[in-house]
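In the order they appear, the protein sequences are chains A and B.
All the letters of the first sequence, read from the start, carry residue numbers 1035 to 1697 under my numbering.
All the letters of the second sequence, read from the start, carry residue numbers 1035 to 1697 under my numbering.
Using N, Cα and C, we set each Cβ at its ideal position, and we do this for glycine too.
Keep in mind that this is a model prediction, so the values were computed, not measured.
Inspection log for the structure reproduced underneath, given as structure tokens.
There are 2 protein chains.
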Amino acid sequence: MSAPAKTDLDTLCINTIRGLAMDGVQAANSGHPGLPMGAAPLAFALWQRHLRHNPKNPKWFNRDRFILSAGHGSMLLYSLLHLTGYDLPLSELKQFRQLHSKTPGHPEYGHTVGVEMTTGPLGQGFATSVGFAIAEKFLGATFNKPGHEIIDHFTYGICSDGDMMEGVSNEAASLAGHLQLGKLIFLYDSNHITIDGRTDITFTESVEMRFKALDWQVQVIDGMNVDAVDRALTEAENEKTKPSLIICRTIIGYGSPNKADTPKVHGSALGEAEVELSKQSLGIPLEPKFYISDEVLAEFRKAVDLGAEREAEWRKKLAAYEAEYPEEAKTLRKAITGEFGPEWVEALPSIKEKIASRASSGIAINAIASYIPTLLGGSADLAESNNTHIKDCADFQPDTPTGRNLNFGIREHAMVAAVNGLTLHGGCRAYGASFLIFTDYCRASLRLAALMGCPSIFLFTHDSIGLGEDGPTHQPIEQLASLRAIPNFNLMRPADGNETVACWKIALQTHDHPCLMALTRQGLPPLTPDDVQHHPAEKGAYVLQEASGAAKLILVATGSEVSVAVGAKEILEREGIPTRVVSFPSWFLFERQPKAYREEVLPKGTPTVSIEAATSFGWDRYAQAHVSIDHFGASGNGEAVMKEFGFTAENAAMVAKELLETP
Amino acid sequence: MSAPAKTDLDTLCINTIRGLAMDGVQAANSGHPGLPMGAAPLAFALWQRHLRHNPKNPKWFNRDRFILSAGHGSMLLYSLLHLTGYDLPLSELKQFRQLHSKTPGHPEYGHTVGVEMTTGPLGQGFATSVGFAIAEKFLGATFNKPGHEIIDHFTYGICSDGDMMEGVSNEAASLAGHLQLGKLIFLYDSNHITIDGRTDITFTESVEMRFKALDWQVQVIDGMNVDAVDRALTEAENEKTKPSLIICRTIIGYGSPNKADTPKVHGSALGEAEVELSKQSLGIPLEPKFYISDEVLAEFRKAVDLGAEREAEWRKKLAAYEAEYPEEAKTLRKAITGEFGPEWVEALPSIKEKIASRASSGIAINAIASYIPTLLGGSADLAESNNTHIKDCADFQPDTPTGRNLNFGIREHAMVAAVNGLTLHGGCRAYGASFLIFTDYCRASLRLAALMGCPSIFLFTHDSIGLGEDGPTHQPIEQLASLRAIPNFNLMRPADGNETVACWKIALQTHDHPCLMALTRQGLPPLTPDDVQHHPAEKGAYVLQEASGAAKLILVATGSEVSVAVGAKEILEREGIPTRVVSFPSWFLFERQPKAYREEVLPKGTPTVSIEAATSFGWDRYAQAHVSIDHFGASGNGEAVMKEFGFTAENAAMVAKELLETP
């Protein structure tokens, strides 16, 4: 028998993906077979005819990025990774959704090879991709030289109806259109089916027209036709200015005689009987399960040699670049490894005046910016308030793509996602900023950074009722607690300028979790050590002022309330109560210290009062009494509001004395 | 001197608003003068020529609703409220942004008369308005009879560039377009300026085309021309099917010779000198400040008589309706007051089987639905998973506007905002649902409900790692803690079917804060009292199982972990340790109980272990040891995952014994 014609082989390949998806979900009796079955032609056309990647080196820096925004279709991605030769054996596909397998319900970054980011919460993959594409554009503009296109790749993705409905994707798409991210290309698996039924029960807008309004190139095609997908991808690649959305009309669960094109195939196993019928209709042998024919495997595995060749070509180009531009190449290597040497640390300034921590943060950024040339970031329309601007640098705009100041617009959610994408891409160190209250707008992306272990940096200013007149809609109360509660997330609330600079050092030296600094609007007197290179803030909490004798009382405080604690200590000491003051910028860092250190700073049994202009929620772990605000704030002058709600040295001393008197 | 021509008087009125805004912000030396100055013509045309309201009865049920989504322009609203005769004296405008004034930085519902909702966090006003408009459409369809249009009003709003950039507004607009909310009309103050500069640095999309794609009527007009605004409003009112966006090109800070059309006038006081120059250019006397001429006041105050007339007319219509449709009128009155009598409470069922709490919730909804005919709600595309469906009721769709099942689409943020709007409108009791993890997508709106004291009801299922295979992207860890941390927010996590039904009773009897139920995917055995009408869950926490002797140990648990606690107690009792089990569905309710009750349930000094499949963050308040998960979850079978992370009776008993052995 002769080998099948190309088209037939394509179909075999596509149906193989469908078979793997059905079998994986059926074995787990859990999961989403519909998307992989419907979108298999999209994935095949993209992976076999366009995607430049190297399965044997998934971290090749100039690879095209692929993001499955519709993470529930994870079996699609796992199938592609296995078939094209990544280190994901078939045995793992057979363990789909089982504890300790490499094939969890949704793709997880850092857990499964070849997964560029964790997806599943809808809209996140789409929005984060915008950050990947910004990174590519920025790095390319910064490092490429005529004839040396060292950074030059596409960011591709597959998204679903749910991605298109989530607000974050509209924010991100608007930003991408404005920034003219021409190398961002999404295939939209438009299958008209969601969990609750046909999309026409709630989603009748024209996505085509909306994306045109957002300055995207939009094509509408038959997604079941591989060649049409192929052609549309080429068209999208040829469009250099606009990001591209290819709306692919597909049939969810294609191949299932009784469930295709219905919600039944979206999120549950087909059932053994329907799997059999589907395999029959697709011409897949019933046994063995997880069937892959040799010819299909050979076809997919061409990716291995092709990938090796492509990377080798790139390495040649890189060598030529290094020969001609040794300095730039050195900088690029530093950017990729993230190792910038000791200069930036030495350049960190001490801060001697009374200034807001948001201002100290701005000083820190500008002190290090020239030493870390791929540090870039910005704000969600509050650059001046957040002090995010890198001086003498342009804005990142279509005509100034080397600009390091990003204007995210009033789009906090897309901003955080984009910062995650910039960070995950590699080569960039990115930050984003807004008011602390607006962490509520972007928690899903903040959490995802933590889940991925992505070292994004966030600056959230106006961090308490001390912001004053804007009132309760803008005054954080529960935000510090709710950020501390996120696993693998380092919330830091520095007490003064030096602690703020130290927090920047900590953040830039972090590689496995996000860091968020909560910063003040109001001025903070200098209180903490000025050796910012070796600042005790690195331990999360430390004795800032020792008691005059054996401590009878400990005051722990963060941020702007450290000076309240210092004032209260003075009163208490005058009254004969030896009082220790502990500055506590980071629970996350403190809780990683050895027990001995922790008990040295906060000995068991010593009455302790926490002072923080926020909810007391959580502080029972460290203190028996609290100077806190357990209700919403109020509009008024910042100092007046702080006083109104008890954040004064006098009140803190009184609360402390009450605690000492409690039996 | 004769009275000025109408046009001149219009201009005087509009400039009066501008003067008040300048003076208010200048007196506070804080705030946003630019929007009120630019959008004054919009507000004037709407309030004086279209809005049907009664300043002397701000709660008149059939009034048009007005929402200033751009809440930072609060001086615009305060000026309108004062000028048209609401109980907001000029002395309060002079106290703008001062502690204890009625004129906080952003408009606050329940604090200032005539404010329909709290706004400021961008996008919220816009998205919540969609809920108001749904309420009007649903109530109108439900109660109106031929010739008796008892419920018949518009929902108007003013929004800004920031509102248009936020993702939540796109979700809401897409939903509104689908639902054909023809009586929703927004004036978009398109002034092309945000805090960071001109909108062209980041916001270059075509809002016009986008909203057309979302099936809105869109008009683009000169917003500085009152008659153009007037005509566009009429056009919008005449469009019965599509919601309307009127894009008004305006000049921010109009009248300020040196700052108009620049970011400088967006968010800070003009300065005394510029205020003077602006007043001169607008023909406003320099003194007194907060100047309102008699003729301007008389013109605005026509709203008082007009409002009284309109309400009187409506009351006549209502009387005619009552005469002809006494039963319907009675139901409408119940809906408006929210007092449905005792029948629905009596109808609440006991649940005797082992079922998931999401299923018990579905049973509760259907048990009470016929007694509370304006109870309506739905899910963000997870109706079947969330068990939100009211049986024998239609979906709320354009052609079935009496439907009580809402399809919000995959738009959690807009859903929560819409539920808030439905609730604030009055007449409706609304609920929204999704997976607990997705509270991260809608926290800004959840918080706003708490801040407003809005008794929205939320059902968030799949409330722990027990959901299993979907894995860490879908498994809540920190969500319970971060919701408990929100002030004025009742998070309830019921332990079994009866507690779930009791939680529904609590939620429906709540009038001043939101309630959120965290519900399981997995089955829960019946453990708690079956008298759901008088269930101890109402106290937030209670002794579920008493120790065999004087309690040496207390196990507190919530939701699915209550059965783990019961199992652990059995082990511990067998080993001779008298152990009390406390079911703790609601911190919020428990912390409102008298101290005596709280200390009775959880006596000081008795070693206590908390058991909750979530972070331990916060639990130090009540327990010294925790069975918790302080890291992200894992994909796998739900029972296997629970066991893997220690949520078994055996492990809980071990943790308890370790606590007892701790010195």
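query, result
"One or two residues paired with B/Ala-1659 in a DSSP bridge", "B/Val-1643"
"Interface flag, A/His-1660 vs chain E, CB-CB below 8 Å", "Protein chains A and B are contained in the structure displayed, whereas chain E is not."
"Exposure of B/Val-1147, with buried meaning 16 or more beta-carbon neighbours within 10 Å", "exposed"
"Cβ contact check for the region 1609-1622 of chain A and the region 1612-1626 of chain B: 3 or more pairs under 8 Å", "no"
"The region 1416-1441 of chain B: positions lying closer than 8 Å to chain A by Cβ", "Leu-1416, Ala-1417, Glu-1418, Ser-1419, Asp-1429, Gln-1431, Asn-1441"
"B/Asn-1091, buried or exposed, once every other Cβ within 10 Å from all chains shown has been counted against 16", "exposed"
"Under 8 Å from the C-beta of A/Gly-1196: neighbouring residues of chain B", "Asp-1415, Ile-1444"
"Residue nearest to A/Ala-1247 in terms of C-alpha spacing, selected from A/Gly-1231, A/Thr-1275, A/His-1212", "A/His-1212"
"Listed by chain order, chain A residues near B/Tyr-1475 by CB distance under 7 Å", "Ala-1478"
"Per-residue DSSP class, three states only, for B/Ile-1318", "coil"
"Cβ neighbours of B/Ala-1591 in the same chain (closer than 6 Å, five flanking residues each side left out)", "Ala-1599, Ile-1645"
"Same chain, Cβ closer than 6 Å to B/Ser-1315, five either side skipped, listed in chain order", "Gly-1289, Pro-1291"
"Three-state secondary structure assigned by DSSP to A/Arg-1265", "helix"
"Runs of beta strand (DSSP E) wholly within the region 1162-1222 of chain A (minimum 3 residues, chain order)", "1189-1194"
"C-beta atoms of A/Ser-1490 and A/Thr-1436 nearer than 8 Å", "no"
"Residue-chain proximity (A/Gly-1610, chain B), Cβ-Cβ < 8 Å", "no"
"Contact with chain A by B/Asn-1259, beta-carbon distance below 8 Å", "no"
"Beta-carbon gap between A/Pro-1277 and A/Leu-1221 smaller than 8 Å", "no"
"Residue closest to A/Phe-1324, alpha-carbon to alpha-carbon, out of A/Leu-1085, A/Ala-1061, A/Ser-1597, A/Glu-1361", "A/Ala-1061"
"With 16 other Cβ atoms within 10 Å as the buried cut-off, status of A/Leu-1694", "exposed"
"Stretch pair the region 1428-1442 of chain A + the region 1490-1507 of chain A: three plus CB contacts closer than 8 Å", "no"
"Same chain only: Cβ atoms within 6 Å of B/Trp-1538, ignoring 5 sequence neighbours per side", "Ala-1398"
"Same chain, Cβ closer than 7 Å to B/Glu-1607, five either side skipped, listed in chain order", "Ser-1582, Thr-1613"
"Proximity test, Cβ basis, 8 Å: A/Ile-1520 and chain B", "yes"
"Contacts of B/Lys-1274 in chain A (Cβ-Cβ under 9 Å)", "In chain order: nothing, as chain A lies at least about 18 Å away."
"Neighbourhood of B/Gly-1144 by C-beta, 7 Å cutoff - its chain only, sequence neighbours within 5 removed", "Met-1486, Gly-1487"
"Three-state class that DSSP yields for A/Ala-1519 in the structure shown", "coil"
"Cβ contact check for the region 1233-1250 of chain A and the region 1453-1472 of chain A: 3 or more pairs under 8 Å", "no"
"Cβ-Cβ distance between B/Ser-1384 and B/Val-1566 below 8 Å", "yes"
"Contact under 8 Å by Cβ, A/Ala-1575 with A/Phe-1523", "no"
"C-beta atoms of B/Ala-1552 and B/Gly-1593 nearer than 8 Å", "yes"
"Buried versus exposed, by CB contacts within 10 Å (16 or more), B/Glu-1533", "buried"
"Within chain A, partners of B/Leu-1156 - CB distance below 8 Å", "Ile-1444"
"First through last residue of the beta strand (DSSP E) which encompasses B/Leu-1636", "It is not in any beta strand (DSSP E) - B/Leu-1636 carries neither H nor E in the DSSP assignment."
"Reduced DSSP secondary structure (H/G/I, E/B, other) of B/Ile-1326", "coil"
"Within chain B, partners of A/Leu-1485 - CB distance below 8 Å", "Pro-1506, Thr-1507, Phe-1666"
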